[in-house]
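**Q**
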Amino acid sequence: MRLGQNPAKFVKDVAKPQRITVAVLTYIPFLSGFYAETLDVLKICLESIWAGTTDVPYDLMVFDNGSCAEVTDYLKAQKETGKIQYLILSEKNLGKGGAWNIMLAGAPGEIIAYADSDVLFYPGWLSQSVKILETYPKVGMVTSRPFRTMEQLMTSTIDWARKEPEAQYQNGSFLSWEDFSSFNTSLGTSEEQSREWFNTTTDHRVNFHGVPAQIGASHWQFVAYKSVLQQFLPFDMSRPMGQVRQLDQRMNDAGYLRLMTAEPYAQNMSNQVPTQLRKDQKVLQPVKNGGFKKKFFNFAPVHKVLMTIYDAIFNVYYR
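Just so you know, we're using the numbering used here here: the sequence shown kicks off at 1084 and counts up by one.
(1) Name the DSSP beta bridge partners of Leu1172, please?
(2) Quick check: what's the CA-CA separation for Asn1351 versus Ile1241?
(3) Once DSSP output is grouped into helix, strand and coil, what is the label at Arg1333?
(4) From which residue to which residue does the alpha helix (DSSP H) around Met1233 run?
(5) Classify Ser1200 as buried or exposed, calling it buried when 16 or more other Cβ atoms lie within 10 Å of its own Cβ.
(6) For Val1107, which beta-bridge partners are listed by DSSP?
(7) Please classify Met1186: does DSSP put it in a helix, a strand, or coil?
(8) In terms of alpha-carbon separation, which member of Gly1192, Pro1229 and Leu1086 lies closest to Trp1208?
(9) How about Val1289 and Gln1235: do their beta carbons lie closer than 8 Å?
(10) Is it true that the segment 1215-1231 meets the segment 1297-1316, where meeting means three or more beta-carbon pairs spaced less than 8 Å apart?
(11) Does the Cβ-Cβ distance between Asn1354 and Glu1120 come in under 8 Å?
(12) Tell me which residues share the same chain as Pro1206 and place their Cβ nearer than 6 Å to its Cβ, disregarding the 5 neighbours each side in the sequence.
(13) Assign Val1294 to one of three DSSP states: helix, strand, or coil.
(14) Taking C-alpha atoms, which residue in Thr1284, Leu1342, Gly1192 and Gln1359 lies nearest to Lys1099?
(15) Based on Cα-Cα distance, which residue from Tyr1141, Val1139, Leu1122 and Asp1138 lies nearest to Asp1147?
(16) Is the Cβ-Cβ distance between Val1107 and Leu1129 less than 8 Å?
(17) Work out the CA separation of Val1222 and Leu1216 for me, nearest whole Å.
(18) Could you check what DSSP says for Gln1101 in three-state terms: helix, strand or coil?
(19) Reducing DSSP to helix, strand and coil, say where Arg1228 ends up.
(20) Using three-state DSSP, classify Gly1135 as helix, strand or coil.
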């Protein structure tokens, strides 16, 4: 038998979510090896969202994909202070596809601004991305920095730009070497490889109704309408990573535009705190060179054996 009346019956108003949900996915199973600096990287990512997203109302959702206690304790603390509006803690690593199935379906906003937890944002990133999203027709996704990506994943956008009477399409070299190399270096590409790619590829640019954009986009960070993203759910991926490009491919195949801001408003940090932030904020002490020991462990045969053992241990404990 029920005792009394539920007080919630007398509440006349409920909170409404913001139109935009910024959704961040993180996975940090331990704080050593590859993941030694990733909690600091996550903190920088979230701090850059809080500091650089002051001109557009938004709610922040964080999905933790089975991280260690130090990470979940930090996220819980941010939730308690009101900096995170929606926090989802998964007991297990569901992989990126499994996490996307929950995040992209469950985010309450009409617009979802997704990011991996190693993205560093600059002020104005969200408003500039939304401007492109709302100006261009049939937009699938907008990434908040320009870079050169695979042309086979942007054929629909190039075709549209060439045929649309109100669009001005250009093909050439528009990215500076500094902007190009800074992004490629963050992915582990050598300067020699970056220079070769820079000299042998071009940028695809378009201007529609006075709003310029670079053609292309990527799954590591994007702004999109939730209604569009739901057309591509669920994602069935057999591995935690390595298959996420299917979102890029499926959007292109469906004829949606994939665009980027013409100026860089975001940067990939990967698993290390950027050098400049080390100097400015003293987040971590610089890593010492290591001398002979470092050269020995980076020697190709030794590196291959050790990484094989590392992967085996990782699969036993964290897969």
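For every residue, glycine included, the Cβ atom is placed at its ideal position computed from N, Cα and C.
**A** Answer, in terms of the structure:
(1) In the sequence shown, counting from the first residue as 1, residue 1172 sits at position 89. For Leu1172, which the question treats as bridged, DSSP gives the partners Asp1147.
(2) The sequence position of residue 1351 within the sequence shown is 268, counting from 1. The sequence position of residue 1241 within the sequence shown is 158, counting from 1. Their backbone Cα atoms lie some 25 Å apart in a straight line.
(3) Start at 1 with the first residue of the sequence shown, and residue 1333 comes out as number 250. DSSP places Arg1333 in helix when its eight states are reduced to three.
(4) Counting from 1 along the sequence shown, the entry for residue 1233 is found at position 150. No residue range can be given for Met1233, since it is assigned to no alpha helix (DSSP H) and is classified by DSSP as neither H nor E.
(5) For the purposes of this step, residue 1200 is taken as the residue at position 117 of the sequence shown. Buried, by the Cβ-count rule.
(6) The sequence position of residue 1107 within the sequence shown is 24, counting from 1. The partner list for Val1107 (beta bridge, DSSP) reads Val1145 and Ala1198.
(7) Position 103 of the sequence shown, counted from the first residue, corresponds to residue 1186. Looking at Met1186 - three-state DSSP - the assignment turns out to be helix.
(8) As a working mapping, residue 1208 is identified with position 125 in the sequence shown. Closest by C-alpha distance to Trp1208, out of Gly1192, Pro1229 and Leu1086, is Pro1229.
(9) Here residue 1289 is taken as the residue at index 206 of the sequence shown, counted from 1. Here residue 1235 is taken as the residue at index 152 of the sequence shown, counted from 1. No. Outside cutoff.
(10) Between the segment 1215-1231 and the segment 1297-1316, the count of Cβ pairs shorter than 8 Å is three or higher; the stretches touch.
(11) Position 271 of the sequence shown holds residue 1354. Position 37 of the sequence shown holds residue 1120. Yes. Within cutoff.
(12) For the purposes of this step, residue 1206 is identified with residue 123 of the sequence shown, where counting begins at 1. Only Gly1135 meet the Cβ criterion.
(13) Position 211 of the sequence shown, counted from the first residue, corresponds to residue 1294. Strand at Val1294.
(14) Along the sequence shown, one-based indexing puts residue 1099 at 16. Closest option to Lys1099, Cα to Cα, is Gly1192.
(15) For the purposes of this step, residue 1147 is identified with residue 64 of the sequence shown, where counting begins at 1. Out of Tyr1141, Val1139, Leu1122 and Asp1138, Leu1122 has the C-alpha closest to the C-alpha of Asp1147.
(16) Translated into the one-based positions of the sequence shown, residue 1107 becomes position 24. Translated into the one-based positions of the sequence shown, residue 1129 becomes position 46. Cβ atoms of Val1107 and Leu1129: closer than 8 Å.
(17) Reading the sequence shown from its first residue, position 133 is the one you call residue 1216. Reading the sequence shown from its first residue, position 139 is the one you call residue 1222. Taking the CA atoms as reference points, Leu1216 sits about 6 Å from Val1222.
(18) For the purposes of this step, residue 1101 is taken as the residue at position 18 of the sequence shown. Here Gln1101 carries a coil assignment [DSSP, helix/strand/coil].
(19) On the sequence shown, residue 1228 is found 145 positions in, with the first residue counted as 1. Shown here, Arg1228 sits in coil according to DSSP, grouped into three states, outside any helix or strand.
(20) Here residue 1135 corresponds to residue number 52 of the sequence shown, with the count starting at 1. In the structure shown, Gly1135 sits in a helix (DSSP, three-state: H, G or I).
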